[in-house]
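Numbering-wise (the working numbering), the sequence shown opens with residue 212 and increments by one.
Beta carbons are placed, not taken as given, at the ideal position from N, Cα and C, and that holds for glycine.
Here the structure is a predicted model, which means the values were calculated and not measured.
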Amino acid sequence: FGRKPTYVVIGDGRDEELAAKQLSWPFWRINEHQNLTALVHALEWQFL
């Protein structure tokens, strides 16, 4: 959506991380609630 979207792979495993690497997309690991909260803040502040 938009003119310059940023796609981020979100996951908790090696499969998601490898897919992100193949696509040259950033990977955000979620393995506890604190990681999800940090992702929300990064999106709100447009860090990604």
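| query | Since V220 is in the beta strand (DSSP E), which residue starts that stretch and which ends it? | reply | From DSSP, the beta strand (DSSP E) with V220 extends over 220–222.
| request: Determine the burial state of A249: buried for a count of at least 16 other Cβ atoms within 10 Å of its Cβ, exposed for fewer. | output: Burial call: exposed.
| message | the ligand HEM and S235: does any heavy atom of the ligand fall closer than 8 Å to the residue's C-beta? | response | The ligand HEM is not among the ligands present in this structure, which contains no ligands whatsoever.
| Closest Cα partner of E227 within the set T217, G213, R240, N246 | Checked all of T217, G213, R240, N246; the closest Cα to E227 is R240.
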